[in-house]
Amino acid sequence: DVKVTQSSRYLVKRTGEKVFLECVQDMDHENMFWYRQDPGLGLRLIYFSYDVKMKEKGDIPEGYSVSREKKERFSLILESASTNQTSMYLCASSLVDVANYGYTFGSGTRLTVV
Amino acid sequence: GQNIDQPTEMTATEGAIVQINCTYQTSGFNGLFWYQQHAGEAPTFLSYNVLDGLEEKGRFSSFLSRSKGYSYLLLKELQMKDSASYLCAVSRNTGFQKLVFGTGTRLLVSP
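This is the structure:
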């Protein structure tokens, strides 16, 4: 019954490291998203992909990049991790018709940058 | 731009009814979503409203007024398991697949 899987539940990385967060969905969804969730700020969109190799910047893309080489997999890359990127990262996927079913979220990766 | 407001916290008693409000100011508004998120877990989809009026799904109902930029989530016959955060999110006509979330309302249900 698992739908969206994020590779790590908890992650601790050092400042300056390159960090990869992986997300896989098994529902054949066209859209995939990366959000970060911070207390008092809610969920903020980092990047969005609507097809293989296609991506769009969200509201806070600075310091991040993404990769979607296969339909089921969407990776978030922190090029050089910084302490202000300590956060809960949530991956989501959806059909093109978001309305009827909304997003399906993964369980999240809590990243701490020290 | 967009602005979405929800109360930060609410408390209610088991068996009661609670209404969680969400107001938004969004250019090119398309529709409004409600999600439930238990502590430490992923948000789960509750409802979607695009037309004015009330949508009922069991104990949960969601209402939308497009002219007032206002929505609410109504939870009836509250149970302890309803203690969670409730997230309001809007979609816009352009880039409608990208949702913009409010900061969420944490609901605590007490016995």
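Chains as they are written, first to last, in the numbering used here: chain Y, 1 to 114; chain U, 115 to 225. All residues carry an ideal CB built from backbone N, CA and C; glycine is no exception. All values derive from a computational prediction rather than experimental measurement.
Listed by chain order, chain Y residues near P121 of chain U by CB distance under 9 Å: For P121 of chain U, there are no C-beta contacts with chain Y under 9 Å, since the nearest C-beta of that chain is about 13 Å from it.
Distance between beta carbons of A126 of chain U and L221 of chain U, contact taken as under 8 Å: The beta-carbon separation of L221 of chain U and A126 of chain U, rounded to 7 Å, stays under the 8 Å limit for a contact.
Per DSSP, the bridge partner or partners of G42 of chain Y: By DSSP's assignment, G42 of chain Y forms a beta bridge with Y:D38.
Neighbouring residues, chain Y, relative to S205 of chain U (Cβ below 7 Å): Here the neighbours are V98.
Interface residues of chain U facing L90 of chain Y [CB-CB closer than 9 Å]: Within 9 Å Cβ-Cβ: A156, P157.
Every unbroken alpha helix (DSSP H) within the stretch 37-114 of chain Y, with a cutoff of 4 residues, ordered by chain: 98-101, all fully within the stretch 37-114 of chain Y.
Candidates U:N207, U:Y200, U:T208, of which the one nearest P121 of chain U by Cα: Here the closest residue by C-alpha is U:Y200.
Nearest-angstrom beta carbon gap, F74 of chain Y and S49 of chain Y [assumed within contact, 8 Å]: Yes, they are in contact, since the Cβ atoms of S49 of chain Y and F74 of chain Y sit about 6 Å apart, within 8 Å.
Proximal residues to T137 of chain U (C-beta, below 7 Å), its chain only, five neighbours per side dropped: So the list reads D119, G183, Y184, once near-sequence residues are dropped.
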